[in-house]
Amino acid sequence: MGELMYEIVEERDVYVTMRDGVRLTVNVFRPKSEGKFPVLLSMGPYGKDIQDLLIPPQPLYESAFWDGNIEAGDIEYFVPRGYVHIIADVRGTGKSEGEYTFFSMQEGKDGYDLVEWAAQQPWSNGNVGMLGYSYYAATALKTAIHQPPSLKAIFVSHIYVDAYRDLAYHGGILGLFLYHLWYGRHAGLTCGFAPRNAVSEMMKVLPKEKLEQRVKGLLSNPDIRYYTMLYHLLHYPQKCPLFFDIMLNPLDGPYWRERSIYPYYDKIKVPVYIVGKLAHEARAFWHLYMNVNSIKKLLVKPVGPEERPWREDREEALRWFDYWLKGIDTGIMRDPPIKLFVMGANEWRYLTGWPPKDIKWVKLYLRRWEWLSFAPELDQPEPDCYLYRPLWLSNKRDSVKYMTPPLPRDLEVMGPVAIYFYASIDQDDTNWIVRLCDVTPDGKDITLGKGYLKASHRAIDPEKSKPGEPYHPHTSQEPVEPGRIYEYMIALGVVVNVFKAGHRIKLEIESAESPRDPEMQIHFHPHLCSSKITLHKIYRNKDYQSHVLLPIVPKPGYEKIIETLGDDNYLSKPE
């Protein structure tokens with residue numbers, strides 16, 4: 000395994016006809032040999048012709064040559080090791096025919112046809128795998144749903160499973176990443192999207208009166224009126240028809256389910272290797288792993304941006320495909336199914352199941368003087384407050400922050416984390432953005448989890464909610480009554496971290512994000528901000544016991560930490 004053997008032969012702009020007559024273009028990279036080889040297929044909308052660029056991996060922010068759209072896999076690594084690698088432009092992009100609509104499940108049908116076409120080529124041994132990062136991972140999952148007979152395994156990284164929650168509306172708040180990916184600042188810094196015939200499905204299927212009604216409602220939204228790019232788009236949807244459709248569907252429903260993976264989990268039968276990263280997209284990869292019933296493995300990596308072109312994990316992908324496509328015993332199936340990086344401890348661990356069975360759920364309470372404590376507030380202090388000012392008015396971002404004293408010993412947290420807090424505002428809506436951090440002795444914040452919720456989307460489905468995982472249906476909006484105290488529940492994602500002795504646990508609640516957050520791979524305003532000056536009050540007293548729910552690994556001494564950090568005599572005002 001891994002020995003370099005073959006030179007590379009290229010065949011570019013090969014047309015492959017789909018079942019409906021539409022032709023997709025592919026680039027084929029294969030070993031220079033008369034033999035038959037297994038095939039790796041990657042499908043995406045960013046342009047097949049940039050995926051084989053030989054630029055070495057570049058770090059985000061530190062290099063002007065970083066390009067986040069080179070995500071199909073390392074051709075120069077796999078082909079010399081005895082694989083054919085096919086890169087395809089999905090329909091309506093690059094040089095492929097047809098129409099491109101937002102994350103259409105048609106891509107899964109096209110993937111089926113491409114897999115079976117590849118399996119029948121004279122240079123193929125009939126075994127096909129799929130791999131990719133982000134969009135290329137999504138097309139692999141969509142293809143697996145349709146179960147092409149020749150697809151033997153997939154390797155997917157940085158996935159989404161729920162188009163509404165993972166991609167477009169985080170906690171009901173309109174995310175702007177996809178706009179910037181296609182036509183905005185992200186596209187200006189990278190190759191971006193390669194559209195040939197992108198169309199609005201809403202403009203095709205909605206009657207004119209309903210379409211105009213939805214657009215009129217959005218144009219009356221003061222938040223959108225202050226965001227000129229979005230206001231402009233609603234008047235001129237041909238500018239970005241894909242994001243136009245996103246804006247016209249602010250609630251979860253059939254439009255989003257038709258573009259999601261989760262309704263079809265039971266259709267995925269092929270072996271799947273899932274790669275995810277803590278904090279950045281933790282909800283999606285855990286959700287996929289926990290709900291797919293095929294043979295599966297999971298690699299969980301630490302917080303932080305990745306380099307491009309995507310070449311990370313190629314050695315693990317080779318072990319996976321050598322086993323499933325070549326029949327080589329690489330030992331990968333003898334490894335435990337889960338390998339994850341424990342932050343803080345800075346070590347890799349293997350697990351046989353998830354979640355860990357011995358977890359202890361413990362409440363970490365918000366207290367006066369901006370403390371976090373394992374004991375609740377029993378008095379009736381005044382609430383904490385912060386004032387949100389629209390970012391077009393001020394760059395100052397107010398927030399409230401809570402923090403434990405330095406921990407007396409190590410404390411390990413492993414599992415889903417959520418905040419349950421009580422608050423009031425003086426407007427009819429706001430954005431809640433909550434961040435959980437590990438603070439080092441020298442004051443550095445390490446983001447471990449982040450959660451979002453639009454206040455008008457606060458409704459909970461108790462039957463679908465679990466400890467640390469409140470579930471919001473996002474099927475209706477219920478305006479907030481100004482001044483009234485409501486309970487808000489926000490999932491912060493899966494946290495796997497050892498808070499070392501001397502470190503602090505920190506919680507921050509705000510209503511707008513920094514336009515540049517390297518740990519979360521953000522370099523523009525990532526969500527639609529409120530246009531209204533809003534006073535936020537956070538309640539934490541004997542009647543409103545706001546808290547974070549932590550899944551603690553009960554290692555020796557953990558009870559002493561809880562006892563110590565629950566003792567008011569241990570608390571003093573933070574520096």
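First residue of the sequence shown? That's 0 in numbering that gives the first Met the number 0, and the numbers climb one at a time after it.
C-beta atoms are modelled at their ideal positions from N, C-alpha and C, and glycine is treated no differently.
Computed from a predicted structure; not experimentally measured.
Spatial neighbours of L218 within its chain, please: CB distance less than 6 Å, with the 5 preceding and 5 following residues excluded, ordered by chain position.
-> Counted from its first residue, the sequence shown places residue 218 at position 219. For L218, where only same-chain residues beyond five positions count, the Cβ hits under 6 Å are L233.
Touch check for the stretch 265–283 and the stretch 229–243: three-plus C-beta pairs under 8 Å?
-> Under the three-pair Cβ rule at 8 Å, the stretch 265–283 does not count as touching the stretch 229–243.
Name the DSSP beta bridge partners of S199, please?
-> For the purposes of this step, residue 199 is identified with residue 200 of the sequence shown, where counting begins at 1. Beta-bridge partners of S199 (DSSP): none assigned.
Taking DSSP as the reference, what is the three-state secondary structure of Y288?
-> The count along the sequence shown starts at 1 and reaches residue 288 at position 289. Note: Y288 maps to helix in three-state DSSP.
Given P478, which residues of its chain have a CB within under 7 Å of its CB, disregarding the five upstream and five downstream residues?
-> Here residue 478 is taken as the residue at index 479 of the sequence shown, counted from 1. Taking P478 as the centre and dropping the five residues before and after it, the same chain places the C-beta of D427, D428, S455 closer than 7 Å to its C-beta, in chain order.
Considering only C-alpha positions, which residue in the set F36, D88, D48, F373 is nearest to G565?
-> Taking the sequence shown and counting its residues from 1, the one referred to as residue 565 is at position 566. The shortest Cα separation from G565 among F36, D88, D48, F373 belongs to F373.
With 16 other CB atoms within 10 Å as the buried threshold, where does M4 fall?
-> Taking the first residue of the sequence shown as 1, we reach residue 4 at position 5. Flag for M4 reads exposed.
Jot down the residue ranges of each uninterrupted alpha helix (DSSP H) in the stretch 31–112, minimum 4 residues, whole runs only, in chain order.
-> Entirely contained in the stretch 31–112, the alpha helix (DSSP H) runs reaching 4 residues are, in chain order, 74–77.
Got a sec? Which residues, its chain only, sit under 8 Å from L392 by beta carbon, not counting five neighbours each side?
-> Taking the first residue of the sequence shown as position 1, residue 392 is located at position 393. Once the five neighbours on either side are set aside, the close Cβ partners of L392 are I532.
Taking all protein chains shown into account, do 16 or more other C-beta atoms lie within 10 angstroms of the C-beta of W368, making it buried, or fewer, making it exposed?
-> Taking the first residue of the sequence shown as 1, we reach residue 368 at position 369. Flag for W368 reads exposed.
Quick one: is N292 buried, meaning 16 or more other Cβ sit within 10 Å of its Cβ, or exposed?
-> Against the sequence shown, residue 292 aligns to sequence position 293. Under this definition N292 is an exposed residue.
If L406 and F498 are in contact, beta carbons under 8 Å, what's the gap, nearest whole angstrom?
-> The sequence position of residue 406 within the sequence shown is 407, counting from 1. The sequence position of residue 498 within the sequence shown is 499, counting from 1. The pair is a contact, with the Cβ atoms about 6 Å apart (cut-off 8 Å).
Hey, could you find the ends of the beta strand (DSSP E) E486 is sitting in?
-> For the purposes of this step, residue 486 is taken as the residue at position 487 of the sequence shown. Start and end: 485–498.
Best match in V155, I504, W122 for proximity to G442 [C-alpha to C-alpha] = Position 443 of the sequence shown, counting from 1, holds the residue named residue 442. Of all alpha-carbon atoms in V155, I504, W122, the one lying nearest the alpha-carbon of G442 is that of I504.
Counting along the chain, where does the beta strand (DSSP E) carrying E411 start and finish?
-> For the purposes of this step, residue 411 is taken as the residue at position 412 of the sequence shown. E411 -> beta strand (DSSP E) spans 410–424.
What residues in its chain sit with their C-beta under 6 Å from that of D251, if we drop five residues either side in the sequence?
-> Residue numbering aside, residue 251 sits at position 252 when the sequence shown is read from its first letter. Non-local beta-carbon contacts of D251 in its own chain, meaning distances under 6 Å to residues more than five positions away in sequence, involve Y163, H473, T474 in chain order.
For W309, the three-state DSSP class (helix, strand or coil) = Position 310 of the sequence shown, counted from the start, is the residue given in the question as residue 309. W309: coil per DSSP, three-state reduction.
Less than 8 Å between the CB atoms is what I'm expecting for S529 and W431, so what's the real figure, rounded?
-> Working through the sequence shown from its first residue, we reach residue 529 at position 530. Working through the sequence shown from its first residue, we reach residue 431 at position 432. By a beta-carbon distance limit of 8 Å, S529 does not contact W431. Their separation comes to about 11 Å.
Alpha carbon of I560 to alpha carbon of I551, nearest angstrom = By one-based count along the sequence shown, residue 560 stands at place 561. By one-based count along the sequence shown, residue 551 stands at place 552. Looking at the two C-alpha atoms, the distance is approximately 11 Å.
Closest Cα partner of M488 within the set F28, D12, S545 = Working through the sequence shown from its first residue, we reach residue 488 at position 489. For the residues F28, D12, S545, the minimum Cα distance to M488 belongs to S545.
Given 8 Å as the limit, is there contact between the stretch 222–231 and the stretch 138–149, that is, 3 or more CB pairs closer than that?
-> No, they do not touch.
Would I69 pass as a contact of L177 if the rule is Cβ separation under 8 Å?
-> On the sequence shown, residue 69 is found 70 positions in, with the first residue counted as 1. On the sequence shown, residue 177 is found 178 positions in, with the first residue counted as 1. No, the pair does not count as a contact, with Cβ atoms beyond the cut-off.
Could you check what DSSP says for M519 in three-state terms: helix, strand or coil?
-> For the purposes of this step, residue 519 is taken as residue 520 along the sequence shown, with counting starting at 1. The predicted model places M519 with a pLDDT of 45, which falls under 50 and marks its position as unreliable; any figure quoted below should be read in that light. M519: helix per DSSP, three-state reduction.
Do you know whose CA, among P147, G46, L247, lies nearest E211's CA?
-> Mapped onto the sequence shown, residue 211 falls at position 212. Checking every option, the nearest Cα to that of E211 belongs to L247.
Throw me the rounded Cβ distance for the I273 and Y451 pair, which I believe falls under 8 Å.
-> Counting from one through the sequence shown, the residue named residue 273 turns up at place 274. Counting from one through the sequence shown, the residue named residue 451 turns up at place 452. About 23 Å separates the Cβ atoms of I273 and Y451, ruling out a contact at the 8 Å cut-off.
For V204, count neighbouring Cβ atoms within 10 angstroms of its own Cβ and tell me buried if that reaches 16, exposed if not.
-> Here residue 204 corresponds to residue number 205 of the sequence shown, with the count starting at 1. V204 is exposed by the Cβ-count criterion.
Could you check if N496 is buried or exposed, using at least 16 other CB atoms within 10 Å of its CB as the buried criterion?
-> Taking the first residue of the sequence shown as 1, we reach residue 496 at position 497. Counting Cβ neighbours within 10 Å, N496 comes out buried, since at least 16 surround it.
Out of F420, M342, H471, which has the shortest C-alpha to C-alpha gap to T439?
-> Walking along the sequence shown from the start, residue 439 turns up at place 440. Closest in alpha carbon position to T439, among F420, M342, H471, is M342.
Cβ-based burial, A500 [other Cβ within 10 Å; buried from 16] | The residue given as residue 500 occupies position 501 in the sequence shown. Counting Cβ neighbours within 10 Å, A500 comes out exposed, since fewer than 16 surround it.
Nearest to W255 by alpha carbon, out of F320, L166, Y182?
-> Walking along the sequence shown from the start, residue 255 turns up at place 256. Ranking F320, L166, Y182 by Cα distance to W255 puts L166 first.
Report yes if the C-beta distance between V302 and I445 is below 8 Å; otherwise report no.
-> Along the sequence shown, one-based indexing puts residue 302 at 303. Along the sequence shown, one-based indexing puts residue 445 at 446. Contact flag set, yes.
Would you decide whether S103 is buried or exposed? Buried here means 16 or more other CB atoms lie within 10 Å of its CB.
-> The residue given as residue 103 occupies position 104 in the sequence shown. Classification of S103: buried, given that the 10 Å Cβ count is 16 or more.
Identify every run of the beta strand (DSSP E) within the stretch 239–276, keeping only runs that are complete inside it and at least 3 residues long; order them along the chain.
-> Secondary structure in the stretch 239–276: the beta strand (DSSP E) runs of 3 residues or longer, each lying completely within the stretch, are 271–276 in chain order.
Since I588 is in the beta strand (DSSP E), which residue starts that stretch and which ends it?
-> Since the displayed the chain opens at 0 and closes at 574, residue 588 lies outside it and no answer follows.
Look up E6 in the DSSP assignment and say whether it is helix, strand or coil.
-> Here residue 6 refers to the residue found at position 7 when the sequence shown is read from its first residue. In the structure shown, E6 adopts coil according to DSSP, grouped into three states.
Range covered by the alpha helix (DSSP H) that runs through K359 = The residue you call residue 359 lines up with position 360 of the sequence shown. Going by DSSP, K359 is part of no alpha helix (DSSP H) but of the beta strand (DSSP E) stretching over 359–366.
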